[in-house]
Structures are given as C-alpha cells and as structure tokens.
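Down below is the structure, laid out as structure tokens.
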Amino acid sequence: MSLSPYPTASTSKKIKSSKISPSPKLPESKIEVKKGTFGYEKIGGIDKIITEVRELVEYPLLHPEIYKHLGIEPPRGILLHGPPGCGKTLLAKAIAGEVGVAFIEVSATELVGGMSGESESKIRDLFQSASQRAPALLFIDEIDAITPKRDNAQREMERRIVAQLLSSLDKLSEADKPVIVIGATNRPDSLDPALRRAGRFDREIAMGIPSEAQRKQILDKMMVNLKIDSAVNIEKLAKGTAGYVGADIAALTKEAAIAAIHRIFSGKAGTDNLKSIQQDVEEENQKDLNERQAVCDYLKSNTNTFTETELAQLSITQSDFDHALNVVQPSSKREGFTTIPDVTWDNIGGMEEVHNELKRLVVGAVQYPSLYKKFGVDTPAGILLYGPPGCGKTYCAKALANECKANFIAVKGPQLLNKYVGEAERAVRQLFMRARNSAPCVIFFDELDALAPKRSEDSSGVSRIVNQLLTELDGMDVRKDVFVVAATNRPDCIDPAMLRPGRLDRLISVDLPNSDARVDILKTICKRQKVPLADSVNLEKIARSVQVDGFSGADLTALVKEASVRALDEIVKKVGYESAQKDGGLVEERHFIEALSKIRRSVSKEDELEYLKIKQSILSQN
C-alpha cells in the first residue's frame, strides 16, 4: 500500500491556536507526526478485531468520498479498551502502518498543564495539528486519565479538560478531510458518558485476555525472528499460558531467551534440568546469584566473539520456556484475577452426580455448541450450588472452569460490599466487564446470601447491589461466554428475584457425602496430597466407620492432615528432623484413629436436618 505524502516530524511546523493568544504548547517531539513502520502482519490473535477496525478506520480514512456520496457521517472516534498489555497501543500503530496516513501518538497525561487554560490549549493544538495533516490518525493513550466523569470531578480543571475534548471531537465533523481519533483505556467505565455517545467515541472495541488458540497465534508471530529449537512445543506453551496477554507472552519469550543465554554461558547447553525448575526458587537464590556472578566474571574476562559455527548450534529450548513460565507471572494474576484453575474432577471425590449435571448444563454446551443449538438447548444463565459448608462447592466451580478451559474469577459476597454509595454497584459492573473481556470465563460468587439477601429485609444499599446483579444477569445477549456459578449455605435467605428463570435458575444440591462418597473422597485426598500411607491403612474401613458419619469433604481433609501431623511428630521425636527427612516415615491406621479423637464433624445433626428441610422445600417448588 503506498504512503501518502504527509509532512514528517522534521518538516512539521509549530501549531498555533487561531482563537487564543500564544500559550504553552506540547514540545515539538510530543506532537511528532509519524508513519507506521509495520502493519497487521506483526499482530496475532485478533483477526476478528482487525476486520472490525478495517471497517471503522480504513474505509473512512482512505475513501471518505463514499461516505460523502451516501450522505452519512463517517466514524470519528474509536475506543479500544481491555486489560493492560493486551495490545491496544500496538494495534493503533499497526493501523497507522496499514493506512499510511499521518499518525500522531500522545499519552493523555502529556496534555495536562500546570497553568490555568494550558491543558485546554494543548488539546486544541493537538487536534489542530491532526486536522492540518488530514487524513490523519490521532491516538490518545490512557485517555481515562483526563476524562473522568464530570459529576465526580474534584477540580474544575478536570471538567474543563473534558469539555474541551468534547468540543474538539465535535469540530472534526467540520473538516474537509477525515481525522480518526483512537482512545485507549483499561477503565472504560470511568470515562465521562458524553465521550461515549454517537459522533464522538461512538464505537468501542473490547480487547480481552486471549484464548488458547489466540495465544498460539501470538506465539507464532513472536517466534518468527527467534532462534527456537525444533523440539519446542508451541501448543504446550499456549496451553500453559492461560491468562497471559500479549505483553506477558513477549516477556515470556524474553525471559526464555535470557535463560538460554545463561545456560549457554554457564556451560549447560543441552540440559533440560535447570535448577530453577527442579528446586524451590527461595532456596536457590544464593546459588543462582553465585552462578550468575561467575558467568558475568567469565564474560568480562573472555571477550572473544562467537563464531558463526558456534552460534548455529545455539537456540532457545523447551526447558528455557519452562523456566520462563516459573518466572513470568501473567498480569491478570498480579491484579488478583485467577486464570484457568488447576483443579480437575479427578481432584474431587464423591461428586459424580454433581459433575454429570454440570457437564450436561455447561461443559457440553461450551464444547459442542452446534449440537446443543440443533436441539434448541441453551446454556443456563446461572447455576446455584447449595448445601452445607465444606462439601466442595468451590471445588466444583473450579473444576467446571478447568473442564471448560475457561478463566475463573472467584468473589466472596462481602468483598463487593462498600460503605460508599454507588461503589458496590460499580464493582459489580467492573466484575462482569472484566469477565466479558476474558471470555470464556466463569464468575463464582461464594456466600451469595451475604451479597444478595432478600431486599425487604435489608438496607437500600444492599437493594442497589441486588438490582445491579439482576441487571447483569439479565444481559445474556452481551454475556455470551460468561458463566455465573454461585454458592450458598442458605438459599432460603437469597432474594427470590435472583432465582427466577433467566438468572440463577438451575439449583444443584451439594450434600454431605454418604459412606461410598467418603471412601472416594478419602482416597482422592491422600492421592492429591501424596500422603505416605502404610500398606496396612484401610481407607475404606475408616470412611465407613460410625465416627466419620456426617463428615464433610473439608472434615475429611482435616482428618488426613491431623493424621499426617501425628505421624510426622512421632518420627521426629524418634530420630530427629535430619534423619526423618532422609528416611521418612509412614502414616499408619492408628494415626487416623488418634486423629479422630480431635476432629469432629463441622455440620451438626441439627444443622443437617435443617439443610435437608431447605433442600426439600426447593425441590417441591421446582
């Protein structure tokens, strides 16, 4: 695609406002007019977004005569929103490279001045600069920094900045040649609503956390210029990077390259057993530091350049990527967001009936959508898991997310409560927006009865939260691959409106395990925790004993832990810590018997009867 002859940074003139006296302006370097150096070929995993962008940006910039002929206004502003590092800025630069028009990039904070009127002047100058070079693309990064909701603005300057930006956007429609403004933010809800109406930022493009298939495309793009060993498994890397955005994947490849360099210079080329993978990082810090220092000393004393023959044998291996995966943490986790859980149904015992129900309702619809569509079966809007505490409701939600290969957000009801008016509702909106940007995603509300009690029995503040939850649950058309699973011990305390059709309309009981389920749970716990059991231990006998009747899954976990602690104390008293670490020991049946003298059922018989009444009441209503 040929580039249009627009002025470059070296030939651009300083911009003067035609309506105000000279005032401080952006430094010339800040309003530099650029040309894109790359196009969409450098970006992976956003094919659908690129198609949308071409319609919204390329058509009006390259063929404005079509819009004029049809008598319609072309798009003027586009808002890119998504989590940090998802590629908003990269996409804007790729658009500039594709269309070949003048490109002006500025960070929103650069438009804020210290003197009264300076910020507005900078905004006017910026838009005037873009208009003079039209057709042009103007990119404002982190636009939320200067466009807060005017109702919440704490200073008059903030209101004036928003008003000036609105005015400048409106004036673009008067220009003969098109100027498209792209704003980027990870907090779209914080923008003043007037910015998001038609004629301004009237089109919004969500850039969420990439799926496994999208991550593979991103990895393929990034590895084109890297020296990668042929044994590196891209599919495995894509599967192991759940929750990673583009910036995280870039950091991963860089860390893998650094690991390769470290391995090469420390004389370990070819090994697949880096210490950082096999041993705990904290224990190895000093050793690793000494080793790296030795490498640095070697490099300092040996400055001979590698020959082409030597370089040809060097590459980034799978072990280097495995090391990088232990080092690079996805942005979503740093922000408290949980990615695809590592809990599977194999980690949960005694849940076959619940598993089958969830598989039919959700997993099948996700994995075989065409089959479900053929029979007219929809995915339920929401699922409520109810039952006594400690029975594995949270584990079920995590295993469901894992089986669906969906991201997972866990929220305890009280976490969303806030004493300030409107803050809790905003938290609910942000939660669902975050989930939509990370689809497929499972939102798990634990202790839902604390978040959505019956409105007639609580304050107006809680009523507003319930109303906001109902609004989000009703938005099935925009939720799509966002699945809502909630858990509660007291379904009778939840507002009835939450349980109506189209909301949390599927109720699944997670009961206390029977004797068969307890056997399965005990075996699963011991296997998952790798408990060194003696051959004489009869888990089935323990699970079916009267002493564990009424035990929940959490109680059985506590039982195994207590038995292990008693076995550990016994061996340490006999031989000491050092010998115990070398020779170890076994957990015997008597340790379980001793543990039973301390561990008691957490759900009393009276409570069990109460939960049974609640279950019968729910079943009678359905």
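Counted from 1, the sequence shown has number 104 at position 105 by numbering that gives the first Met the number 0; the numbering is strictly sequential. Each residue gets a CB set at the ideal place from its N, CA and C atoms; glycine is no exception.
Cα atoms of R53 and A162: separation of roughly 29 Å, rounded to the nearest angstrom. For A197, the secondary structure class from DSSP, reduced to helix, strand or coil, is coil. Runs of the alpha helix (DSSP H) spanning 4 or more residues and lying entirely within the segment 140 to 176 occur at 155 to 170, in chain order. Comparing C-alpha distances from F591 to each of R543, A364 and R565 shows the shortest one belongs to R565.
Listed as beta-bridge partners of Y385 by DSSP are T487 and S508. According to DSSP, P531 shares a beta bridge with no other residue. Q317 and G549 have their C-alpha atoms roughly 48 Å apart. Within the same chain, Cβ atoms closer than 7 Å to the Cβ of S563 are found at V530 and V586, the five residues on either side in sequence being excluded.
DSSP places D124 within a helical segment (H, G or I) once states are collapsed to three. Short of 8 Å from the beta carbon of G112, and not among the five residues preceding or following it, lie these beta carbons of its own chain, in chain order: P23, S118, S120 and K121. Unbroken beta strand (DSSP E) runs of no fewer than 3 residues, entirely contained in the segment 401 to 481, are found at 406 to 411 and 440 to 445, following chain order. Beta bridge pairing from DSSP links I45 with no other residue.
Note on geometry: alpha-carbon atoms of E64 and D169 lie some 20 Å from one another.
Taken through DSSP and simplified to helix, strand or coil, A133 comes out as coil. Judged by DSSP secondary structure, I233 falls within the alpha helix (DSSP H) whose first and last residues are I233 to K238. In the structure shown, the three-state DSSP call for K597 is coil.
Annotation for P413: E446, A449 and L450 place their beta carbon closer than 8 Å to its own, counting only its chain and skipping 5 residues before and after. Counting other Cβ atoms within 10 Å of its Cβ, H62 stays below 16 and is therefore classed as exposed. Rounded to the nearest angstrom, the Cβ distance from S167 to F126 is 4 Å, consistent with a contact under 8 Å.
Between G207 and G44 the beta-carbon gap is near 11 Å, outside 8 Å, which marks them as no contact.
For the pair E307 and V244, the Cα-to-Cα distance works out to about 35 Å. As DSSP reads the structure, K573 sits in no beta bridge. Where F102 is concerned, there is no enclosing alpha helix (DSSP H), although the beta strand (DSSP E) around it starts and stops at A101 to S106.
In terms of CA proximity to A409, K392 leads the group H322, A364, E593 and K392. When the beta-carbon positions are compared, G96 and I142 stay at least 8 Å from each other. In the three-state DSSP reduction, I208 falls in the coil class, being neither helix nor strand.
Non-local beta-carbon contacts of P74 in its own chain, meaning distances under 8 Å to residues more than five positions away in sequence, involve L55, V56, P59, I179, D201 and R202 in chain order. In this structure, the straight-line span from the alpha carbon of S535 to that of S551 is close to 24 Å.
When the beta-carbon positions are compared, Y371 and G363 come within less than 8 Å of each other. For a cut-off of 8 Å, the C-beta gap from L137 to A144 is around 16 Å, too long to register as a contact. With at least 16 other beta carbons inside 10 angstroms of its own, R123 counts as buried. Annotation for A249: no beta strand (DSSP E) segment contains it, though the alpha helix (DSSP H) segment containing it runs G245 to F264. Between K41 and A93, the CB-CB gap stays under 8 Å. In the three-state DSSP reduction, L567 falls in the helix class (H, G or I). If you ignore the 5 residues before and after N537, its C-beta comes within less than 7 Å of the C-beta of E588, all in its own chain and listed in chain order.
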